[in-house]
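Peer 1:
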Amino acid sequence: MAPRLRLLLLLPAALLVPVPAPAPVAGGGRRAATPDGAVANLTVAVVLPERNVSYAWAWPRVGPALSLALEALERGEPPLLPRPFSVRVEFMSSELEGACSEYVAPLNAVDLKLYHDPDVLFGPGCVYPAASVGRFASHWRLPLITGGAVAAGFSRKREHYSTTVRTGPSAPKLGAFVSHLHAHFNWSARAVLLYVDRKTDDRPYYFTVEGVYQELQDGSNLTVRHHIYSPDEGGPDTAVHFIKANGRVVYLCGPPEMLRQIMQLAQRENLTNGDYVFFYLDVFGESLRGDSARDPFKPWQQSPGQDSGLRKAFQVSCARLPGNGDRDLPSLAPVHEAGCCARLQMVLVITYYEPQNPEYQHFQTQLILRAKQKFGVQLNYSLMNLVAGCFYDGMLLYAMVLNETLREGGSKKNATHIIEKMRDRKFQGVTGLVSMDSNNDRDTDFNLWAMGDLESGQYEVVGHYSGVEKQIHWLGRPIPWVKGAPPLDNPPCVFDVDDPSCDKTPLSMLAIVALGTGLTFVMFGISSFLIFRKLMLEKELASMLWRIRWDELQFGSPERYHKAAGSRLTLSLRGSSYGSLMTTHGKYQIFANTGHFKVSAAGCRHLPPLPKSAQRALTSSPSLAPQGNVVAIKHINKKRIELTRQVLFELKHMRDIQFNHLTRFIGACIDPPNICIVTEYCPRGSLQDVLENESINLDWMFRYSLINDIVKGMAFLHNSIIGHHGSLKSSNCVVDSRFVLKITDYGLASFRSPCDGEDTHALYASECPPPGTGGPEGQDGPASPPHGLVPPEKLWTAPELLQKGRLPTPGMQKADVYSFGIIVQEVALRNGPFYIEGMDLSPKEIVQKVRNSQKPFFRPSIDIGVHSEELAVLMERCWAQEPAERPDFSQIKIFIRRFNKWVAGEWGREGSTSILDNLLSRMEQYANNLEKLVEERTQAYLEEKRKAENLLYQILPHSVAEQLKRGETVRAEAFDSVTIYFSDIVGFTALSAESTPMQVVTLLNDLYTCFDAIIDNFDVYKVETIGDAYMVVSGLPVRNGKLHAREIVRMALALLEAVKTFKIRHRPNDQLRLRIGIHTGPVCAGVVGLKMPRYCLFGDTVNTASRMESNGQALKIHVSSTTKEVLDEFGCFELELRGDVEMKGKGKMRTYWLLGERKDPKVI
């Protein structure tokens, strides 16, 4: 049937369908403002849904966008339409009973064609109405521009839609993005599509997945299985079983409720174990928006603040936050959800890319405001506004092509020519770069979202797909796959069961015999390995590699070390009495020359380190130990050591343990009576020493680092074979030369005497006399300290240990946590251990109150004014009365990681520079942070370099400064034509005489600050200021043709206007009278001098410009005839002839007064 006949057959149908009357247009249905007498010569027809704003292309959304675009075109921003030119917009609805209608839309399009004969048609956005109207537009040779019509069928332009142009997203572009995802993750076999198909409406979900299906099945040759999700036909149960039977890479497209139902069942069916990955096609990001604008929330929530248990299917969560909502710092409550830590997020969300350019942000604001004013509709900030922006860009595209067509002598009715010129075109629109492909479809960008914060469940962008570049840009946030890598899309023997390699037939007799023989050899090999390992263990125990002879240790006197070390005393030693320390606590010695271990090959050649807290020590001195190392020893209060098998195993375990936050065990000496332990030496003393030294400024970043080191060391110790510490205190935490804190005095429970658990160098510890003594000072051990100063137990000891003594390992670990809580309070307040505000109790009294365990339980003070509330919660949890209520160090480790964010945000900048340098220095110990440290230092260097360059650019021109930076010689350069500005203040000498020097300086500073701010708006260079003289030039060092005269005079007019309103601080009633002279001519410019170099101008032009100023008048601009000739070429400046003026050294010169500039919009 002929096209005309089909059209005639359609027309009677209009009598049967109620067609809404044409609605008035907000900015359309009216004539744009045009010059008087102009005739409307461009008609734009629009066919869109009239009221249902759930459509992204609804008229209340698109109408304001088209209105904004037409207003921009009327203002000439950009100047695309010729003048005079007017635009008339005619709108008719494509909506029937609140939904898109494939019957109403074509009928109204026919009416628009018959009654208004439009030049271009915008819309429809819905697929079925767009299909009908698109065929009519192709028949009418009428350009049809739409930001909707996403279906893949519209790509067949030559067959049915030859005049259709899509400036918005489309399904094939989404398919291209998905294809790139499959290529990136090496998925080349299978995929599953699940979608909702509501045939009562425009089937948005069906047409969204259509492009994915076609691209994967036809373009990438994958096996793609699709399933229509329907609650009435099995719902999530059928969907999950379909997924399990057909693929591992799943694409879901439907409302968020469908996603939640499927993922809840998928979690129960163990589809979130890392073998499956789910992509949710939520192109407008509806699942990522909250109730308020720009407030993203979690897709797994039914509404903000509710998760209905679905979060477990989306993410990993190893710490619950009971009662805290989404607070930054987690509670330390134990995790009760079994297997929660084993589930990582397996749901990724795909959305359109939201433009980030300022023009789009401004457009959104104006769109929402215009929709409220003109249509009474309240829109939100959402990705739906992107479609309105695409219609805006479509109007710009049509105006751009139409303008080119008319300039070439073409006709606006030549749709074929106009459509052809739109192909492969790129331009900057309100939504960013608009790139049309050869099929007149816009290249679309997409975002890939993943759960970035696994604690709160917040989603963030991990990848951005560029439709122009056809590639994915990953943003440095790796997707945390459960199994460390993306799942396989076609694992062996799961879906391809017909593969011969998957044959599970019974093994033959020969295979059984071979398998049995192989297993026998394997068992024999394992047994041999275990026997060999046992023999090697016995050999190692017998060799006693840990043993150090007493004569292999070389000691130096305290005075010798004190004198030799000089100023290299550690921070912890400064201000303390080293001699007193060695006299009172003589058990700990500082020595060197571990390289002098002269033993046989089977002997010990290991480097020894130093004591614990009491070691307030010196660094190794080459003069004292040219080949040795400073170590620390701790004497054991035993007459002899019986090397039982248990003791040998303890010594072996100590020698095997190596960790950054535990002091290294060097060896032990068992030569009576010199029984001692040799450990690593940390020269900065104990944590207690550092805290009590008031000269050390510890900011919170430093304190956090020390606490974090304790947690790391204790977590490792609790997970090692040693199992616990048993005597943790600040004096058993030592600091090495890089401010890395290490735990010492751990292990060797059988090797030590009962009293060795006490730290004899702790200020508040008990004293235990050496073997064979107990007598007065001067014998083998020191005298007992005064009563009341040293109680029988320590302030760091848990109440259960004070009551019961030693406990099994789990109980000792909880006691370590109690001790850690006391240390945290000690670090936070720096008032000593167990500080109690307003109470002066002796350590003995404190220990007695803790042992009694009477409610309220006696604990140290907490000062929230000094530290954070979260840190107070941590301390209270650690020193809880019941050991079961205390967190273990693995939980504390998680808390400390989150606490670091608070430290960096609240206290991280309070520390001094020296402490920060120490922190940076200690960070070098961590190999995994080295790259970050280098980057930070590089950025700091670049920032300082930028500041120095900015200062240099304020002294010299940019081009000259760049030459100097490259080490090049700056040669003088001649310029054929520049314009020079001179000005001074009339009566400045008298004003200066009547003012104080400080008032004169303030006046000139205020004036030149005002001038400098104004000249930044012009292409000029400030040469210099001398007193009240101000010199500016344009046209150098970068030539600008003849624009230099225009720039200078415009600047002069601006300065003159500023001076008229300028107020002198100390004489507010006086008018500052500025005298200006301008001259144009050739000059020579170059850098003069080496110290304080200056960029100077030379030539007669400079002198003439100065004469123009000196022969001028106050509040007037004196212009030479040369400058006047250049200004006449612009035709927009008003000048008045002054006449011939006698110039010193120049004779008579004809000059002019510059009166102002005419505001002619044609002049740019």
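Per the numbering used here, the very first residue in the sequence shown carries number 14; after that it's consecutive. Think of the CB as a built atom: it goes at the ideal place given N, C-alpha and C, for glycine as much as any other residue. Quick caveat: nothing in here was measured; it's all calculated off a predicted structure.
#1: When DSSP builds the beta bridges, which residues end up paired with residue 484?
#2: For residue 85, which of 443, 1041, 432 has the nearest alpha-carbon?
#3: Please state whether the Cβ-Cβ distance between residue 838 and residue 873 is less than 8 Å.
#4: Rounding to the nearest angstrom, what Cα-Cα distance links residue 1052 and residue 1123 in this structure?
#5: Kindly indicate which residue of 1111, 1140, 1118, 383 has the alpha-carbon position closest to the one of residue 1062.
#6: Can you tell me the Cα-Cα spacing of residue 148 and residue 496, whole angstroms?
#7: So if DSSP puts residue 206 in a beta bridge, which residue, or which two residues, is it bridged to?
#8: Quick one: give me the first and last residue of the alpha helix (DSSP H) that residue 1131 is part of.
#9: Quick check on the burial criterion: 16 or more other C-beta atoms within 10 angstroms. Buried or exposed for residue 451?
#10: How far does the beta strand (DSSP E) with residue 1169 in it reach, from first residue to last?
#11: So, does the stretch 398–407 touch the stretch 157–170, judging by three or more C-beta pairs under 8 Å?
#12: Going by Cα to Cα distance, which pick from 991, 653, 1014 is closest to residue 763?
#13: Rounded to whole angstroms, what's the CA-CA distance from residue 241 to residue 204? Just pull it up for me.
#14: Any contact between the stretch 1091–1098 and the stretch 986–995? By contact I mean 3 or more CB pairs, one from each, below 8 Å.
#15: Heavy atom of the ligand NAP less than 7 Å from the Cβ of residue 469, yes or no?
#16: Which ranges would you report for the alpha helix (DSSP H) in the stretch 941–1002 if only whole runs of at least 4 residues count?
#17: Which of the three DSSP states is assigned to residue 97 in this structure?
#18: Could you give the first and the last residue of the continuous alpha helix (DSSP H) run that contains residue 1024?
#19: So, under 8 Å CB-CB, residue 559 and residue 680 are touching, yes? Tell me the CB distance rounded to an integer number of Å.
#20: Among all the DSSP beta bridges, which residues are the ones paired with residue 1088?
#21: Please list, in chain order, all residues of the same chain as residue 728 whose beta carbon is under 7 Å from its beta carbon, the five residues on each side excluded.
#22: Looking only at its own chain, which residues have a Cβ that is under 6 Å from the Cβ of residue 533, when we skip the five neighbours before and after it?
#23: Give a yes or no on whether the minimum CB-CB distance between residue 764 and chain B is below 8 Å.
#24: Give the straight-line distance between the Cα atoms of residue 144 and residue 232, rounded to the nearest whole angstrom.
#25: Exposed or buried, what is residue 1165 when buried is set at 16 or more other beta-carbons lying within 10 Å of its beta-carbon?
#26: Where residue 536 and residue 547 are concerned, what is the direct C-alpha to C-alpha distance, given to the nearest angstrom?
#27: Quick one, are the C-beta atoms of residue 260 and residue 502 less than 8 Å apart?
#28: Cα separation between residue 884 and residue 836?
#29: Under 8 Å between the Cβ atoms of residue 156 and residue 428?
#30: Would you kindly work out how many angstroms separate the C-alpha atoms of residue 505 and residue 185, rounded to a whole number?
#31: Starting from the C-beta of residue 142, find all residues in its chain whose C-beta is less than 6 Å away, skip the five residues before and the five after it, and write them out in chain order.
#32: What are the start and end residues of the alpha helix (DSSP H) that includes residue 403?
#33: If we call anything under 8 Å between Cβ atoms a contact, is residue 196 one with residue 228?
#34: Whole beta strand (DSSP E) runs in the stretch 677–736 with 3 or more residues, listed along the chain?
#35: Locate the alpha helix (DSSP H) running through residue 1120, then write down its first and last residues.
#36: Report all residues from its chain with a CB closer than 8 Å to the CB of residue 379; omit the five preceding and five following residues, and keep chain order.
Peer 2: Let's see:
#1: 479
#2: 443
#3: Yes. Within cutoff.
#4: 27 Å
#5: 1140
#6: If you draw a straight line from the Cα of residue 148 to the Cα of residue 496, it comes to about 51 Å.
#7: 239, 264
#8: Judged by DSSP secondary structure, residue 1131 falls outside any alpha helix (DSSP H) and instead within the beta strand (DSSP E) spanning 1129–1133.
#9: exposed
#10: 1160–1170
#11: yes
#12: 653
#13: 15 Å
#14: yes
#15: In terms of ligand content, the structure shown is empty, and the ligand NAP therefore cannot be addressed.
#16: 943–968, 971–978
#17: coil
#18: 1010–1028
#19: The C-beta separation of residue 559 from residue 680 comes to about 5 Å, placing the pair in contact by the 8 Å criterion.
#20: 997, 1129
#21: 902, 903, 906
#22: none
#23: Note that chain B does not occur in the displayed structure, where there is just one protein chain.
#24: Distance between the alpha carbons of residue 144 and residue 232 is about 24 Å.
#25: Buried is the call here.
#26: 16 Å
#27: yes
#28: Rounded to the nearest angstrom, the two C-alpha atoms are 12 Å apart.
#29: yes
#30: 31 Å
#31: 107, 113, 115, 118
#32: Taken as a continuous stretch (DSSP letters only), the alpha helix (DSSP H) holding residue 403 covers 398–420.
#33: Against a cut-off of 8 Å, the Cβ pair of residue 228 and residue 196 comes out as no contact.
#34: 678–684, 687–693, all fully within the stretch 677–736.
#35: 1113–1123
#36: 77, 81
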